[in-house]
Amino acid sequence: MIKKIRPIIENLRIQDKLDELAKYYEELGEDLPSEDEFIEDRLIRRSIEKTVELIADTIIDIAFVLISSLKLDKPQDSRAALQTLEGHKIISKHISAKIKDLVSFRNLLVHRYGKVDSSLEYNCIKENESDIGLFIEEIDTYLKKRPIK
31 MIKKIRPIIE
41 NLRIQDKLDE
51 LAKYYEELGE
61 DLPSEDEFIE
71 DRLIRRSIEK
81 TVELIADTII
91 DIAFVLISSL
101 KLDKPQDSRA
111 ALQTLEGHKI
121 ISKHISAKIK
131 DLVSFRNLLV
141 HRYGKVDSSL
151 EYNCIKENES
161 DIGLFIEEID
171 TYLKKRPIK
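In this note's numbering, the protein residues as written are 31 to 179.
Written as structure tokens, this is what we have:
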């Protein structure tokens, strides 16, 4: 009985994380100001940075839960997890590359490896924002066609 319930529970966990990601994505779209406001207002900038961090962390969580539920080899890091999803045709090569960049950007923000130019930061977020929505769509599509055994 438990073996039959486990895939359903795993799908629900992934769907909950996907809903959380969709909420953060929507908030990013609502909260992202003009470039001038982003550069000039430290509180707004930090708020957007935190939202990007939450988005990247949630994507990483989704990747690892999916990999675990499929009983695939555990990747060493988040970039490898995204590569695994790509390799198993769960996400496209394009989205895999874009989300890997997002994860690297998140690491730069969190660990402050160096001074981040606010204008470049804003443009990076603005130009790649839609990739988050595409990731959500690709995972959602996969979940809908995924067989429950």
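Beta carbons are placed, not taken as given, at the ideal position from N, Cα and C, and that holds for glycine.
Notebook entry, point to check: Applying the criterion that 16 or more other CB atoms from any shown protein chain within 10 Å of the CB defines a buried residue, is T88 buried or exposed?
Noted result: The residue labelled residue 88 in the question sits at position 58 within the sequence shown. The C-beta of T88 has 16 or more other C-beta atoms within 10 Å across all chains shown, which makes the residue buried.
Next item on the list: Note down, in chain order, each residue of its chain lying with its Cβ closer than 7 angstroms to the Cβ of E65, except the 5 sequence neighbours on either side.
Entry: As a first step, residue 65 must be located in the sequence shown, where it is residue number 35. The answer, listed in chain order, is S149, Y152.
Next item on the list: Determine, using beta-carbon pairs with one atom in the segment 42–58 and one in the segment 103–118, whether at least three such pairs fall under 8 angstroms.
Entry: Touching, no.
Notebook entry, point to check: Taking all protein chains shown into account, do 16 or more other C-beta atoms lie within 10 angstroms of the C-beta of E70, making it buried, or fewer, making it exposed?
Noted result: What you label residue 70 is simply residue 40 of the sequence shown in a count that begins at 1. With fewer than 16 other Cβ atoms within 10 Å, it is exposed.
Note to self: Quick check: I22 and L48, are their CB atoms within less than 7 angstroms of each other?
What the structure shows: No information on residue 22 is available, as it lies outside the stretch 31 to 179 that the chain covers here.
Item checked: Limits of the unbroken alpha helix (DSSP H) element including R76 -> Your numbering for residue 76 matches position 46 in the sequence shown. Per DSSP, the unbroken alpha helix (DSSP H) holding R76 starts and ends at 72–99.
Next item on the list: Taking 8 angstroms as the threshold, find out whether the segment 128–142 comes into contact with the segment 74–93 through three or more Cβ pairs.
Entry: Yes, the segment 128–142 is in contact with the segment 74–93.
Checklist line | Proximity to P37 [Cα-Cα], best of S98, H141, L73, S122 | finding: Against the sequence shown, residue 37 aligns to sequence position 7. If we check each option's Cα against that of P37, S98 comes out closest.
Notebook entry, point to check: Just checking my contact of L115 with I85 at CB under 8 angstroms: how many whole Å lie between their CB atoms?
Noted result: To locate residue 115, count along the sequence shown from 1; it is residue 85. To locate residue 85, count along the sequence shown from 1; it is residue 55. At roughly 16 angstroms, the Cβ-Cβ gap does not stay under 8 angstroms, so L115 and I85 are not in contact.
Check: The alpha helix (DSSP H) spanning L150 covers which residue range?
Finding: Taking the sequence shown and counting its residues from 1, one reaches residue 150 at position 120. That run of the alpha helix (DSSP H) goes 148–175.
Margin query: Please tell me whether D46 has its Cβ less than 7 angstroms away from any Cβ of chain D.
Written below: The structure shown has no chain D; it contains just one protein chain.
Checklist line | For R142, the three-state DSSP class (helix, strand or coil) | finding: Here residue 142 refers to the residue found at position 112 of the sequence shown. Three-state result, R142: coil.
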